[in-house]
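Structure record follows, encoded as structure tokens.
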Amino acid sequence: LWMWIQEEENRERARRGAAGAVHLGLDDYEQLDPGRNAGHTDRVKNALSRHGNQILNGLSPEERKAAEVMFRRMVEVEEGLNKLRRPTRCGTVAKLAEVSLEVVQRVVDAFRAEDASFIHANQLRVTDDTSLDIMHESLIRQWDTLDRWVRREKASYEVYDELCRAAPR
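Take the sequence shown: its position 93, counting from 1, is numbered 93 in my numbering, and each next residue is one higher.
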């Protein structure tokens, strides 16, 4: 998807016209990550990270806060840092991020846009009960920002768990 978007943007800038087939090749793949030593996995990971961070950076501070809460809620961490998708509700995101559903709507729209497809919502207009899910588990493994958020969430849970166990009963 990222390669296709880049090619369409290149075509528009070069004014090659709308007619004709779009051709994607090795050069387009190498544009995912210009580092010469990057392997296939690194190229994809870097492309997903750049794209997710680009979307995130286009949001307001309030929307970024809601995005972090939304993605942290959509990932469950098991033993050994095994990360799984965990659908969540828009109402939960709004409550935890202390934002309105309108803010959540803007975040959802940004991350499910045609050129993004990072998340899925079961409704076009979000409500408290709208279900959100990460579109594909590779995003959990490949987006560096999401990885940092999840690791921080796990660390917070471990501190909380230790405090609960140490508290007098």
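Yeah, the Cβ is synthetic: ideal placement off N, Cα and C, and Gly gets one too.
Nearest residue (CA-CA) to V104, options P87, K83, D128, N82:
D128
Could you give the distance in angstroms between the alpha-carbon of E114 and the alpha-carbon of A166?
49 Å
Identify whether A167 lies in helix, strand or coil by the three-state DSSP scheme.
coil
Quick one: what's got a C-beta closer than 7 Å to R126's C-beta in the same chain, skipping five residues either side?
Looking at the sequence itself, residue 126 is Val, so the reference to Arg does not match. Excluding sequence neighbours, V126 sits near C90, L101, V104, Q105, V108.
Under 8 Å: do the segment 44 to 59 and the segment 151 to 159 share three or more Cβ pairs, one atom per stretch?
no
For S156, does the three-state DSSP call read helix, strand or coil?
helix
In the structure shown, what three-state DSSP assignment does V99 receive?
coil
Exposure of T41, with buried meaning 16 or more beta-carbon neighbours within 10 Å:
Unreliable positioning characterises T41 in this predicted model, as indicated by a pLDDT of 46, which lies under 50. The coordinate reading is nonetheless provided below. By the neighbour-count rule (16 or more Cβ atoms within 10 Å), T41 is not buried but exposed.
Bridge-paired residues (DSSP) for V116:
Note on residue identity: the sequence assigns Ala, not Val, to residue 116. Bridge partners of A116: none, in fact.
Please check the pair A110 and A66, which I expect to be a contact at CB under 8 Å, by giving their CB distance rounded to whole angstroms.
Between A66 and A110 the Cβ distance is about 10 Å, and since that is not below 8 Å, they are no contact.
Spatial neighbours of V116 within its chain, please: C-beta separation below 8 Å, excluding the five flanking residues on both sides.
Looking at the sequence provided, one finds Ala at residue 116 rather than Val. If we look at A116 and ignore the five residues flanking it on each side, its Cβ neighbours are H51, I55, A110.
Nearest-angstrom Cα distance between E68 and L124?
21 Å
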